[in-house]
Every structure is written in C-alpha cells, then in structure tokens.
Amino acid sequence: MTYISNTNKQQQEMLEAIGVKSIADLFKGIPADFSPASFNIASGKSEIEVRQHLQSLAAKNATDLTCFLGAGFYDHYIPSAVDAIISRSEFYTAYTPYQPEVSQGVLQAIYEYQTAICRLTGMDVSNASIYEGGTALYEAAMMATRITKRKKIIVCEGVSLIYRTMLRSYTSNLALNFVEIPINNGIADRELILKEIDNDTAAIILQNPNFFGCIDDFTDISQKARSAGALTICSVYPISLGVLKPPSKMGIDIVTGEGQSLGLPLSFGGPYFGFLATLKQYVRQMPGRVVGRTHDKEGRQGFVFTLQTREQHIRREKATSNICTNSTLNTIAAISYLSLLGKNGLKEVAQLCANKAGYACQKLSRIKNVKRKFAAPFFNEFVVELPVDAGDVVSTLIEKGFAAGFPLGRYYKGMERCMLVAVTEKRTKEDIGHLKESLEGVLKTE
Amino acid sequence: MPKCDVPSNFEIPRNFHREHEADLPEVSELEVVRHFTELSRRNFGIDTNFYPLGSCTMKYNPKIDEEVSRYKGFVELHPLLPQLRHGGMLTQGALQVIYNTERLLSEITGMSEFTMQPLAGAHGELTGTMIIAAYHKDKGNKKTKIIVPDSSHGTNPASAAICGYSIVSVPSNSDGMIDYDEFLKVLDNEVAAVMLTCPNTLGLFEPQIKKIAQKLHEVDGLMYCDGANMNAILGKIRPGDIGFDLMHINLHKTFATPHGGGGPGAGPVGVVEKLKKFLPISLVIKRNDGTYALDYDRPSSIGFIAPFYGNFGVILKAYCYILMLGKEGLIAVSENAVLNANYIKEKLKKYYHLAYDKTCMHECVFSAVNQLKNGVHTVDIAKRLIDYGFHPPTIYFPLIVKEAIMIEPTETETKETLDAFIETMIKISNEAQTQPEIVKDSPKTTPVSRLDEVSAARDMDLCFKD
C-alpha cells in the first residue's frame, strides 16, 4: 500500500506541465555521488499481513496480569466515550492551530483543559501541556531559575527517581547546583530542607503524593521559600486532587504533573502529557503554548494562541523553551475524561482508590513478617517491607498472574526488601484478597 | 463507578483534604459527546480538507495505524514491567516493535543507531544537542557555539541555546542556499556543530552539504540534520552517507503518524558510529538468542531524557506505516511529494512571486509581494483560502522570505485536489487586484472571523472564571 492516488497518466500530465520528462529529472539537483550506499528495506505488505504481524507482536505482551504496579503510572478505568471523542479525525488529523478560524474546536478544547487544570490545582494559569510529567518538572525548574535568576535547586528524594534522573541529564551542561535531600520516615525531611533554603535558592522541588505514595502538606516549606525569595515547585498526581488539598492551598508557585491518569492508557510509556500551572505573575516565564479567549470584529467569542512572544518561532534562541508542540490530543482526552466524571465523579474515583489502597495495605500487613514501611498517611500507593528480596517476590508473583508492585531495591539502596503497591478503582476486594493469599503462599515457600 | 466493595473506613486525615470539590462540569455523557463533536466540527483536519501546511507534511494518516495502536496487548502494557526481574520477557512484542523501527530508521537514513525516546521534533533537537555536548566533553574539546542558517526552524537555535551554546546565524545567498563564504568566516575551533535542515526550509536541496561537512569535521565539529523535511528524500539521499553525524526525524511528518492537533508526535534521534555511546539510557537491544532486552549499562550516555522508551503508541504507527509501504512505497512517497510540489510551483509562479525560481523538493515558497501592491498581505490570502475550503499553507516562514507562503502538498493528494487549489489561488490573486477588500475581509464562512489577538495578549483570559 502506498496511499498515493495519482495514476501514471496524471503523473505524465503533471510532468508535462512542469516541463520535464521524468520524475528523475526533478531530482537532478542532487549530485550523483549523493546516492544512497544502500536502501535495504523489505517490499511493502498488505493490510492483512501487517495486521497479522502486529497482532502476533501484541500477543507476546503480558497484559492479563492483575495490576498493582504504579510508581507514577496507573491503571485507571477509561470511559468508552473518551476514545470516541479523540477518534474524531477533525481532532486527530489536525495540526497545531496556527489558523484560529479553522481551529476553534482544538483551541476551545485546550482552553477548557487549561480551565480544568486550574480548578484541580487551584492555580491561576495553565499552559496547553508539555510532553509528559518529567519534562514538565524540568521546564518548571528552568522557569524558576529565570524568575529568581538563581542557580541552586533543592530536590526532595520523595520526587520520583525517574524525574530526578531526567532533571540531572537535562541540566548537566548548565551551571546549576542541585542539592538532593533524603526523605525522613517516608516524607520530606523538614529540618534538612528548611536549613538548606537560602538566598541562593531558586526552587525547592517536591512531589505529592510522593514516590512512596505518602501525602504531605508543604505549607511550612513554601513559607520559608517565599521569605527567602525562592519558588516552590510541586509535582502532583491529578487523580489524588479529587480529595487532596490543592497545591495552591499550600503556597506552591508552580504545579506540574503526569497527565496519564486522566483518561490515557499506559501504552508502554507513552504518549502521555505533562501539565504545568502557575501563578499569574509568572505567566510570561511559562514555557509552551497557551490559549486565550478573545473575540472577533462581530463580538463573537473565539480562542487563539496567545503570549507567543515567549516562544521559539518568534524569539528563537531567546525563547522561554524550545518546545513547539504540546500534547493536544491527549489533553482533549483529559478534558473529556474530567467532563465525563465531573466534580463528584472525580472525587468518587479518588475515594475509591484511597479506600481500596487502605484496605489492601491492612490486608498485606497482616501477613506474617510483612509490615507497612512508613507511618505517614498515603493516597493509593504504599510501601510494604517483606522478609525477603522484593524483586524475587514480584518475579514469582508474575507467574501467579500479578504485577504485584514495584520493587524499590532497583532505585533505592537499602530498600531491597520493599515493594511499592498501587491500588486503583479497577481492583476489586477479590483481587486484593487473591494478592494477599498469593503473597502469603510465596513467602511461606521462600 | 462501581460501589465500594471494601470497608470504607480508610479515611485520609481531614487536614489533607480539599475543602471544596474541584469545580468541574456535572453533565451527562450525551452532553459531553455532543459538545466535543460540535467542537470537532469547528476544526479542519486532513480528513476534511486539503492541508498544505509547509514544513509540517500533512499527509493522509492511514486508518490501519489507528486500529493497531489500540490493540490491548499494546495499550494496556505498563511501562515498568520490563524493569522487573525477568520482566523483559513480558514485553517482547513491544520491545520488538521499538527495535525493528529503530533498525528501519537506521537503514532509511544511513545512521548507525537510533534512540526512539525523544517525544517530539524539538525534543529530538535537544537530545541531539546534548549528544553533541557529551561528544565534545568526552574529547576534551572546548566548544562554545553552534551555527544555524538564517532560514532554520526556530526550534534549532532555541534547542541549542538550552544546552548553553551561543548561536551563530549564517545568511542564505541569492540561491536560497547557506552562503558558503559566510560559513567559512564564522567557522573556527569553537564551533561545536552546524544544524542544517535537509532539504532546507525553502524546499531546496543544498549540494554544498558534503563540502560544509568536510570543513566542519576539520575542526571536529558535528553535522546535525534537522530531518523535518525527510519526506523529500526517502531512498534518494541518506543523511548518514553525505556527512551528517546525527539527526532527528519527525515521525508525525514523514511517517504519517497523526499530528493530533499539535501533538503528541515523536522525534527519534539517529547517530553515526562514533556517537552511539552517548545515546540516552535505555536502548533496546537484540540478544544472541533472538530475544529483546533493555540496555541500561551505558556509562558514556547523556542519561535519561524521557521516562521510558519514547511515545510508544506513535512509534507503533510509524512502524506499521513503514511495513505497509516497503522500499518501493517509500521511494514513491518522495517522488510523488516532489512531483506534486513542483506542479503547484510551476502552475502558480505566473501569479505569485517565486522566492527562488528553481526545481524544488517537497515544498515551494512563494512571496505575496505582487499582491502587496494592492494592499493584500500573505495573511489575507491565507484567510481567503479558508473561505474556499482549503487550510492555508504555512505563512511568514521562513523568515528570510518577505510575505512568505510555504506550500507542501504531500504525496497523498490527487491531481484533482491540486488543480482545485491552484485554480483558487489564481482566483484569489485576481481578487487581490480587482476587489482586494473581499480578500482582506475574509474569512466569512467560519464560526468566527479574524480574532483580536492583541486584546488576547493584553487581557490574558486563559481560563473560564466561575
């Protein structure tokens, strides 16, 4: 299949109009010694063959496991209407809405998305989204260095290790000073962080719930930061905001997060989207696209990209970021998801997650020699300490049909026996019971 | 939502609760579906309208890709599974998709190896710049600047600046090519890299590339190829063969994955042999026993640039597309893309000033200077096209062409569509002479007419208030 519909006859007519004999003539400007050394690609296949090939590859992936694996990426239920909406080809085959008159659909959807993110987080302004949660956090850190003109960034180890390693990679060529502060009993170490905030500090980066699932209130940290002229950045799990105190109420300056849980499948790591919201006074230092509401000559409401003088296509090397895409289609999924759930639905999902996780934690910690690692309250994810290596246990439980959790030894020294367990609204009491029995069985035979 | 089937006494302490629910709409499913369906109807897409947006390669997005990317075995796969002990065996199909796509892109471009992780074209550029920095650090080179032509995409200088490089812009000559003498003037030992788009953003092929690469390599600089315009050269040129050291490809352009209203896309980065060790962590490798695994043991790597393995769902669609087309199909893509662009160029050059009158590649750049005599600007022509049912071309880019109109028809459009577009462009050119007010007052057929962007920037109304 080539998806080219011109016939040979039409091609000939076009060549004649151009005034050349063959298509090869159109490539004459390329010197002969530029021709490919090889182009060893198999011949094209039919839809039937390609479908069979990809079906067989899909079948080689284990998607029938009962999932208690989270660590920032969660197996939430996605209402059927979400996919129906993003399957509208006017959305998915469009590009960046450079021409607002023929892009009001995409632009209004993004504006509604920005509204929903502001209401969830309590912040004043949201951008039109970034690639995913890690790059959103990096962009927030860069934004803080621009606003404060300072170079020291304090990062709490409760922030996902995935994001912390990304932050380090991205800033390795810049003269920034990263200070990582270990956690204390599962939460941000107040004493160490407060002591570290000084007049050189650009930002303090936090996460809520943190990587271990523990929830916190960072008001004390943001107060100290503000008095030192530093910004507080917090990465949040948007579903948790159905019940948890919004970051705005803790004095956070920039809120970021991974949007996957808002109606997107896990899809082996992407595509997702990252959100970034902040206070109005920082809007001109915000990276990425932003949609604003305005009007036409007839006074009709309309939506456009705005504040574009921050961006690369105008400012080139002086732009606030090199980002030129956002994840529009995924933000349409997110705003569809949030609209379908509504304020009560989102609260209900969050409460279900919290209740089921609480129940699962109680069940698992009743197993002999298994105990809850941290006493801090948690949202839908918690750490249990096992009497043996958690990596081995998780591996054995896969054979019994469970993705039982994430063994922390891979990321955290000294936590080889710890397992991070996530529970979403999709898991039933029965699933939790089976996990408990299976874990008990595995530990008995170890 | 199902009823809670566990005791509901696991309450989070009150002091962590929010006081008021987030103010989201409470509406029925029908209302939500009708609302977004209505919004979608206020939007042009490739499936509804010809979309000749230059530099963006708005080709048809095959439906098989949409179907395949929704297979349960792919969408429900947790990205952390392969990081569990023996977990790689749980995701062999997905790892094979990534590996095979990486191999196909390497063969198509003449690069040694690709990372599939970059999540967009600009993200690819940033990754590439980080690799450039790592290479020079490794060799102990003191490099401070990156050269970009004045015709480049804005993301090029922005990406390079983020990595701490200063930018040196080189002017284009009267042929629309990078001015070689000016290039030699700014080339010195502190140049880390040159970023070139191939073919360039004027839709022209630069035959001096090998010469530029040779000079640059003499000072141990690296040649970066912005692969946004790869659609013109499939099977005709491989950047790896002509002196480029690294490049990114926009899967959402050349390899037909949908643009999604601005994203998500994917911008994999390919490198030649000497840069392989700097590619991000992790890489998918094929073991001797035929199984696939993730390689994390990469001490010289630039590190982690994405949480996982890239925009997997996008990679999957590109893989499917390449398999469908195969060798002959890929070559036909570029031949027909170039044919269609030259046809438009030839048919319109009597009416619109052609910025550079020579055979173009996959896109052609006009200037509305003729129409400007009657007070009609490029933006007016663009808006008038909307009234006739066409998405406008890219306008005011590249920056070096006054009143630029950049048209990229792609290979998937028929001659009938091109003829209708050409006829309309001619009509608008006539209107510009005879009744310019109509053109300047367009569009009239859309849900809104031209919007007040000045007040949008001033008032900053960025979300609904209560």
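For the record, the sequence lines run as chains A and B. Residues 331 to 776, numbered by our numbering, are exactly what the first sequence covers, in order. Residues 1440 to 1905, numbered by our numbering, are exactly what the second sequence covers, in order. Just so it is clear, CB atoms sit at the ideal spot from N, CA and C, and this is done for glycine as well.
Task: chain B residues whose Cβ lies nearer than 8 Å to that of I545(A) - done: Going along chain B in sequence order, the residues near I545(A) (Cβ under 8 Å) are I1451, F1455.
Task: Nearest-angstrom Cβ-Cβ length linking F598(A) and P1518(B), presumed shorter than 8 Å - done: 5 Å
- [ ] In angstroms with no decimal places, state the Cα-to-Cα distance between V1388(B) and S1608(B).
- [x] No information on residue 1388(B) is available, as it lies outside the stretch 1440 to 1905 that chain B covers here.
Open item on the list: Under 9 Å, Cβ to Cβ, is there at least one residue of chain A near E1629(B)?
Closed with: Chain A contact via Cβ: absent.
Open item on the list: Could you pull the DSSP bridge partners for H1687(B) from this structure?
Closed with: D1665(B), V1708(B)
Task: Neighbour list for I484(A) in chain B, Cβ cutoff strictly below 8 Å - done: Correct list: empty, because the minimum Cβ distance to chain B is about 20 Å.
Task: Proximal residues, the region 714-729 of chain A versus chain B, C-beta separation under 8 Å - done: G721, D722, V724, S725, I728
Open item on the list: Would L676(A) pass as an interface residue toward chain B - the criterion being a Cβ-Cβ separation below 9 Å?
Closed with: yes
TODO: Just mark S557(A) as buried or exposed, buried being the case when its beta carbon has 16 or more other beta carbons within 10 Å.
DONE: Classification of S557(A): exposed, given that the 10 Å Cβ count is below 16.
TODO: Would you kindly report the start and end of the unbroken alpha helix (DSSP H) that includes A466(A)?
DONE: For A466(A), the enclosing alpha helix (DSSP H) stretches over residues 463-478.
Task: Residues that E1862(B) contacts on chain A, provided the C-beta gap is smaller than 8 Å - done: By Cβ distance, chain A contributes nothing, its closest Cβ being about 13 Å from E1862(B), past 8 Å.
- [ ] Decide if the region 508-522 of chain A is in contact with the region 532-552 of chain A; the criterion is three or more beta carbon pairs, one per stretch, under 8 Å apart.
- [x] yes
Open item on the list: Contact criterion: CB-CB distance below 9 Å. Does V1471(B) meet it with respect to chain A?
Closed with: yes
Task: alpha helix (DSSP H) segment containing P1875(B), residue limits - done: 1875-1879
TODO: Flag K1576(B) as yes when its Cβ comes closer than 8 Å to any non-hydrogen atom of the ligand NAP, and as no otherwise.
DONE: With respect to small molecules bound, the structure shown includes none, and the ligand NAP cannot be examined in it.
Open item on the list: Comparing C-alpha positions only, which one of D1858(B), I1846(B), S1881(B), I1839(B) sits nearest to D1614(B)?
Closed with: I1839(B)
TODO: Per DSSP, which residues does M1845(B) bridge with? Please list them.
DONE: In the DSSP output, where bridge partners are listed per residue, M1845(B) has V1804(B), T1833(B).
- [ ] Please name the residue, chosen from Y1835(B), I1681(B), A1695(B), G1729(B), that lies closest to P366(A) on a Cα-to-Cα basis.
- [x] I1681(B)
Open item on the list: Assess contact between the region 1743-1759 of chain B and the region 595-615 of chain A, defined as three or more Cβ pairs (one per stretch) separated by less than 8 Å. Is contact present?
Closed with: yes
Open item on the list: Just to confirm before moving on: does the CB-CB distance between V585(A) and V613(A) stay below 9 Å?
Closed with: no
Task: chain B contact for A664(A) (CB, 9 Å cutoff) - done: no
- [ ] Taking T1568(B) as the reference, give the member of I1651(B), I1741(B), I1846(B) with the closest Cα.
- [x] I1741(B)
Open item on the list: Less than 6 Å between C-beta atoms, sequence neighbours within five positions excluded: which residues of the same chain meet that for H1698(B)?
Closed with: The residues are H1691.
- [ ] Quick one: measure Cβ to Cβ for M1497(B) and T1884(B), integer angstroms, because I've assumed they're closer than 8 Å.
- [x] Approximately 21 Å separates the beta-carbon atoms of M1497(B) and T1884(B); this is outside 8 Å, ruling out the contact.
Task: Own chain, CB closer than 7 Å to G1660(B), minus 5 neighbours either side, in chain order - done: Within the same chain, G1660(B) has close Cβ partners V1630, A1631, A1632, V1633.
Open item on the list: Can you confirm whether the region 1770-1790 of chain B touches the region 1661-1673 of chain B when touching is taken to mean that 3 or more C-beta pairs between the two stretches lie within less than 8 Å?
Closed with: yes
TODO: Using a Cβ cut-off of 8 Å, pull out every chain A residue sitting near H1830(B), in sequence order please.
DONE: Q429, V432
- [ ] Please say whether G435(A) and S1479(B) have beta carbons closer to each other than 9 Å?
- [x] yes
Open item on the list: Please return the same chain residues whose Cβ sits closer than 7 Å to the Cβ of K554(A), not counting the five positions on each side in sequence.
Closed with: These residues qualify, in order along the chain: L524, I527.
Task: Extent of the continuous alpha helix (DSSP H) to which M1763(B) belongs - done: 1751-1787
TODO: Note the first and the last residue of the continuous alpha helix (DSSP H) segment covering N503(A).
DONE: Segment: none, N503(A) is in no alpha helix (DSSP H) and carries neither H nor E.
TODO: Can you tell me which of I1586(B), I1571(B), P1678(B) puts its alpha carbon nearest to the alpha carbon of G1579(B)?
DONE: Closest by C-alpha distance to G1579(B), out of I1586(B), I1571(B), P1678(B), is I1571(B).
TODO: Spell out a yes or no on whether the region 408-415 of chain A and the region 658-672 of chain A are touching, meaning 3 or more CB-CB pairs, one atom from each, closer than 8 Å.
DONE: Contact between the region 408-415 of chain A and the region 658-672 of chain A is present, because at least three Cβ pairs lie under 8 Å.
Task: Nonlocal neighbours in the same chain, by C-beta distance under 7 Å from H1792(B), ignoring five residues either side - done: F1805, S1806, V1808, N1809
- [ ] Would you mind telling me which residues of chain A sit closer than 7 Å to A1652(B), beta carbon to beta carbon, in chain order?
- [x] Within chain A, no residue comes near A1652(B); the closest Cβ sits about 12 Å away, beyond 7 Å.
- [ ] Under 8 Å between beta-carbons, which chain A residues line up against R1726(B)? List them in chain order, please.
- [x] From the beta-carbon of R1726(B), no residue of chain A is found nearer than 8 Å; the closest lies around 15 Å away.
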